[in-house]
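>
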Amino acid sequence: MSQNNSCYGLNLLPIYLDIIEERLESALSQLKNLQQMQVPSQPLDPKTLGGIIKYHEAQKINNQTCFEQCKQWRNDNPNEEQLHQIAHIEKSAAKLELVAQEILKSAEYIKGKNNNLIQEINRNCSERKTLVRKGKPPHRKENPNIF
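Numbers 133 to 279, taken from my numbering, label the letters of the sequence shown in order.
(1) Identify whether D208 lies in helix, strand or coil by the three-state DSSP scheme.
(2) Thinking G257 and I221 are a contact (beta carbons under 8 Å), I'd like their distance in whole angstroms, please.
(3) Can you grab the Cα-Cα spacing for the pair C202 / P210, in whole Å?
(4) Q170 by DSSP, collapsed to three states: which one?
(5) Count the other CB atoms, across all protein chains shown, that sit within 10 Å of the CB of Q191; report buried if there are 16 or more and exposed otherwise.
(6) Flag this pair as yes or no: are the beta carbons of I147 and A225 separated by less than 8 Å?
(7) By the 10 Å Cβ neighbour count, where 16 or more other Cβ atoms means buried, how is E229 classified, buried or exposed?
(8) Considering only C-alpha positions, which residue in the set K237, H216, L236 is nearest to L142?
(9) Based on Cα-Cα distance, which residue from M169, R155, S158 lies nearest to K296?
(10) Under a three-way DSSP split, which group does D150 fall into?
(11) Under 8 Å between the Cβ atoms of Q214 and L145?
(12) Suppose you measure from the CA of I235 to the CA of N195; what does that come to, to the nearest Å?
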């Protein structure tokens, strides 16, 4: 689904439909995974988060291209089956657009949590280094079961 979409004929509708369906399925899976990571116990890879954000920002442009392609197909006098496929593509692209927005919200939220977690870890490391320099051992909870 490139920017130059004038070359896609009606004969490519099934392929286009498969592509949009796969993208939607992948995006839904990614959203589910991101929602499960809303409270990270350790920082997530910033490059991964950045990649997710970059990909789904680009997805906005791809969706616009998809809608433009569907409009073009509708002007090419499609038959009933092709009209049904075009409608299905438009419906899936609209869902994909909503899912991409949710992914971006979740990724930005996790990115903020990630930054807070990294700051907390750095602060704790800094405090421990300060205590070690002063000759005080870092605070540890004693386990009564250890002799």
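No residue lacks a Cβ here, since even glycine has one placed at the ideal position from N, Cα and C. Here the structure is a predicted model, which means the values were calculated and not measured.
To lay it out plainly:
(1) Position 76 of the sequence shown, counted from the first residue, corresponds to residue 208. It is coil, neither helix nor strand.
(2) On the sequence shown, position 125 is the one that residue 257 refers to. On the sequence shown, position 89 is the one that residue 221 refers to. It is Cys, not Gly, that sits at residue 257 in the sequence shown. Actually they are not in contact, since the Cβ atoms of C257 and I221 sit about 51 Å apart, beyond 8 Å.
(3) Indexing the sequence shown from 1 puts residue 202 at position 70. Indexing the sequence shown from 1 puts residue 210 at position 78. Roughly 11 Å separates the two Cα atoms.
(4) Locating residue 170 in the sequence shown gives position 38, where the first residue counts as 1. In the structure shown, the three-state DSSP call for Q170 is coil.
(5) Counting from one through the sequence shown, the residue named residue 191 turns up at place 59. Flag for Q191 reads buried.
(6) Sequence index remark: in the sequence shown, residue 147 carries index 15 (1-based). Sequence index remark: in the sequence shown, residue 225 carries index 93 (1-based). Against a cut-off of 8 Å, the Cβ pair of A225 and I147 comes out as no contact.
(7) To locate residue 229, count along the sequence shown from 1; it is residue 97. By the 10 Å Cβ count, E229 comes out buried.
(8) Position 10 of the sequence shown, counted from the first residue, corresponds to residue 142. Measuring from the Cα of L142, the nearest candidate turns out to be H216.
(9) Since the first residue of the chain shown is 133 and the last is 279, residue 296 is not available in this structure.
(10) Walking along the sequence shown from the start, residue 150 turns up at place 18. Helix.
(11) As a first step, residue 214 is located in the sequence shown; it is residue number 82 there, counting from the start. As a first step, residue 145 is located in the sequence shown; it is residue number 13 there, counting from the start. Yes; because the gap between Cβ atoms is below 8 Å, this pair is in contact.
(12) Start at 1 with the first residue of the sequence shown, and residue 235 comes out as number 103. Start at 1 with the first residue of the sequence shown, and residue 195 comes out as number 63. Looking at the two C-alpha atoms, the distance is approximately 15 Å.
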